[in-house]
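S.K.:
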Amino acid sequence: MSIASQAGNPPRPTRREATALIASALLFGPRTIPAAKAAPADPRPQVPSKGFNLPGWVDRNPGSPPARAVLEKLHGLGFRSVRLPVSADTIAGVDAGERTAMLARISAAAGELVESGYSVIVDLHPDGAFARLLHLDPAAAGDRAAEAWTYLGETIADLPVGSAYAELLNEPPLEQAVWLDLRERLAQIVRSRCAHTIVWGPARYQGIWELAETPPLTDRNSIAAVHYYAPMAFTHQCENWDSSPVGRLKNLPFPATRDTPAVTRLFSELKDAGDERALAALEDAFEHPWTTAQIASDFAGVAEWSRKNDCPVVLDEFGALGFCSDAASRAGWIRAVRQAAEADGIGWAYWELDYGFGFIRNRQSTEGFDRPVIEALLG
Numbered sequence: 213m214s215i216a217s218q219a220g221n222p223p224r225p226t227r228r229e230a231t232a233l234i235a236s237a238l239l240f241g242p243r244t245i246p247a248a249k250a251a252p253a254d255p256r257p258q259v260p261s262k263g264f265n266l267p268g269w270v271d272r273n274p275g276s277p278p279a280r281a282v283l284e285k286l287h288g289l290g291f292r293s294v295r296l297p298v299s300a301d302t303i304a305g306v307d308a309g310e311r312t313a314m315l316a317r318i319s320a321a322a323g324e325l326v327e328s329g330y331s332v333i334v335d336l337h338p339d340g341a342f343a344r345l346l347h348l349d350p351a352a353a354g355d356r357a358a359e360a361w362t363y364l365g366e367t368i369a370d371l372p373v374g375s376a377y378a379e380l381l382n383e384p385p386l387e388q389a390v391w392l393d394l395r396e397r398l399a400q401i402v403r404s405r406c407a408h409t410i411v412w413g414p415a416r417y418q419g420i421w422e423l424a425e426t427p428p429l430t431d432r433n434s435i436a437a438v439h440y441y442a443p444m445a446f447t448h449q450c451e452n453w454d455s456s457p458v459g460r461l462k463n464l465p466f467p468a469t470r471d472t473p474a475v476t477r478l479f480s481e482l483k484d485a486g487d488e489r490a491l492a493a494l495e496d497a498f499e500h501p502w503t504t505a506q507i508a509s510d511f512a513g514v515a516e517w518s519r520k521n522d523c524p525v526v527l528d529e530f531g532a533l534g535f536c537s538d539a540a541s542r543a544g545w546i547r548a549v550r551q552a553a554e555a556d557g558i559g560w561a562y563w564e565l566d567y568g569f570g571f572i573r574n575r576q577s578t579e580g581f582d583r584p585v586i587e588a589l590l591g
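Numbering (the working numbering), first residue to last: 213 to 591.
(1) Given this structure, state the Cα-to-Cα distance separating P252 from T409, to the nearest angstrom.
(2) Report yes if the C-beta of D335 is less than 8 Å from at least one heavy atom of the ligand NAP; otherwise report no.
(3) Could you round the C-beta distance between A322 and A376 to whole angstroms and report it? I think they count as a contact, below 8 Å.
(4) Which word fits A588, buried or exposed, when buried means at least 16 other C-beta atoms lie within 10 angstroms of its C-beta?
(5) What did DSSP end up calling I245 once you bin it into helix, strand or coil?
(6) I need the DSSP call for E379, collapsed to helix, strand or coil.
(7) Between the Cα of G288 and the Cα atoms of D538, G263, I333, which residue gives the shortest distance?
(8) Do you know how far the Cα of Y562 is from the Cα of I333?
(9) Got a sec, what are the start and stop residues for the beta strand (DSSP E) G263 sits in?
(10) Quick one: using the 10 Å Cβ neighbour count with 16 as the cut-off for buried, is D370 buried or exposed?
(11) If you draw a straight line from the C-alpha of I234 to the C-alpha of A279, how long is it?
(12) Between the alpha carbons of F342 and T312, how many angstroms are there, rounded?
(13) What are the uninterrupted segments assigned as alpha helix (DSSP H) that are 4 or more residues long and contained completely in the region 474-532, given in chain order?
(14) Which residue's Cα is closest to the Cα of R395: G419, T367, A351?
(15) Terminal residues of the continuous beta strand (DSSP E) containing L296?
(16) So, at 7 Å on beta carbons, what are the nonlocal neighbours of F466 in its own chain, with the 5 sequence-adjacent residues on each side left out?
(17) Using beta-carbon positions only, say whether I558 and V526 come within less than 9 Å of one another.
(18) From this set, R575, N452, V390, which residue's C-alpha is nearest R416's C-alpha?
(19) Look at the alpha carbon of E198 and the alpha carbon of G413, and state the distance between them as a whole number of angstroms.
(20) Would you check if there are 3 or more beta carbon pairs closer than 8 Å linking the region 415-431 to the region 443-460?
(21) Under a three-way DSSP split, which group does Y363 fall into?
(22) State the Cα-Cα distance for the pair L266 and F569, rounded to the nearest angstrom.
(23) Does the region 519-537 come within contact of the region 483-492, defined as at least 3 CB pairs closer than 8 Å?
(24) What do you get for D335, buried or exposed, if any count of 16 or more other CB atoms within 10 angstroms of its CB means buried?
(25) Which of the three DSSP states, helix, strand or coil, is assigned to A353?
(26) So what does DSSP say about V411, is it helix, strand or coil?
(27) Among the candidates R256, P257, S293, P260, whose CA atom is the shortest distance from the CA of L565?
(28) Checking the sheet assignment: what are the DSSP bridge partners for H439?
(29) So V298 and H337 are supposed to be a Cβ contact under 8 Å. How far apart are they, rounded?
(30) Suppose only complete runs of 4+ residues qualify. What are the alpha helix (DSSP H) ranges in the region 296-339, listed by chain order?
(31) With distances taken Cα to Cα, identify the nearest neighbour of S328 among R295, D301, L283.
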């Protein structure tokens, strides 16, 4: 998911594509303790799980670090991994002083997370100038990403093997052939600098339909990563960071059908308002069932890809906005996704901690934790 507003904004797939978003992975295990840069004993990596995304810390200046007490409380509740977005704009194509300062912050943040008992996924997350460059000049953007990983790989190299993961590029907005070439290039850069597990996702949105046609890396110490937000009409209702008609959908429950009273009521309201785009978005959203069975089917499909390709897969983004869905529906969807993932031996990291999709009020305070969401994730 891109980081462009207080909620964290995804590049917008079509509604049909969005309903297919999915991810999976093997269950996490205890972190290993070998010395840095030692080769893992098992050629297939452990997959992080019971995680959350933590944007806003080391992906911008100035960042907002969480209080240590918050990290400790979350760990005590049962969370075990953190996906940590970082920005190429503060590492590559900048003067040495700025780069050194940001790399020191990333190193300190990753080290603090590991010391607090978490594994950490360092995630190159396109935003700002780098995100624009990916669309305008993929070759130049590839060079920028390569430069970023040259420094990032060295920065995380000394973390204990098994405690850190290098995610090459979030939701790579590239044609598949272009991305596969860049994926190999970035993987070689990372591998030349550290022994950590490489994480990669399929272009362009990390959706299940993209993973199905994407070959795994030849490096066996790697994990595929995909994201799940289906149905977007539920998870993104009332979103407020762009002009998407999904932002004009509201009060939709989960599970639901086309004939659920709240759904028929919203159809009527949108027809009365003449909002054709929002009507189309809502109609498209019900091409697939809004049920726990549909979610389970999605995860079974990606688990089959994992088995067929002998490649672990991690669901390192899934989430539902808390703007206008009722608390029971939101927690029910989150629980359904988490349980479906775990039923197939799939690890996960929720998007995200304390913005629009989040489950705590403020990363500086141990008060204001959303118990229904936490129980949906860990119960």
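Don't be surprised by glycine CBs; every beta carbon is placed ideally from N, CA and C. All values derive from a computational prediction rather than experimental measurement.
M.R.: A quick look at the data gives this:
(1) Unreliable positioning characterises P252 in this predicted model, as indicated by a pLDDT of 48, which lies under 50. A coordinate reading is not provided.
(2) Looking at this structure, you won't find the ligand NAP or any other ligand, since it has none at all.
(3) A322 to A376, Cβ: 6 Å. Contact.
(4) Flag for A588 reads buried.
(5) Residue placement at I245 cannot be trusted, given a pLDDT of 26 that sits under 50; what the coordinates show is reported in the next sentence. In the structure shown, I245 adopts coil according to DSSP, grouped into three states.
(6) Assigned with DSSP and collapsed to three states, E379 falls in strand.
(7) For G288, the closest of D538, G263, I333 by C-alpha to C-alpha distance is G263.
(8) C-alpha separation (whole angstroms): 13 Å.
(9) Following the DSSP letters along the chain, one finds G263 inside the beta strand (DSSP E) bounded by residues 263-265.
(10) Under this definition D370 is an exposed residue.
(11) Reliability of the predicted coordinates at I234 is poor, the pLDDT of 30 falling under 50, and no value is obtained from them.
(12) In this structure, the CA atom of F342 is about 19 Å from the CA atom of T312.
(13) 488-497, 504-521, all fully within the region 474-532.
(14) The option with the nearest alpha carbon to R395 is A351.
(15) Residues 293-298.
(16) Cβ neighbours of F466 beyond the five flanking positions: F446, W502, S541, G544, W545.
(17) In this structure, V526 lies closer than 9 Å to I558 by Cβ.
(18) Closest option to R416, Cα to Cα, is V390.
(19) Here the chain covers residues 213 to 591 and nothing more, so residue 198 does not appear.
(20) No, they do not touch.
(21) In this structure, Y363 counts as helix in the three-state DSSP scheme.
(22) The alpha-carbon atoms of L266 and F569 are separated by roughly 11 Å.
(23) Verdict: no, contact absent.
(24) Burial call: buried.
(25) Helix at A353.
(26) It is a strand residue.
(27) It is S293 whose Cα lies nearest to the Cα of L565.
(28) Bridge partners of H439: E529.
(29) Beta-carbon to beta-carbon, V298 and H337 are separated by about 7 Å, close enough to satisfy the 8 Å threshold.
(30) Within the region 296-339, the complete alpha helix (DSSP H) runs of at least 4 residues fall at 308-327.
(31) The candidate whose alpha carbon is nearest that of S328 is L283.
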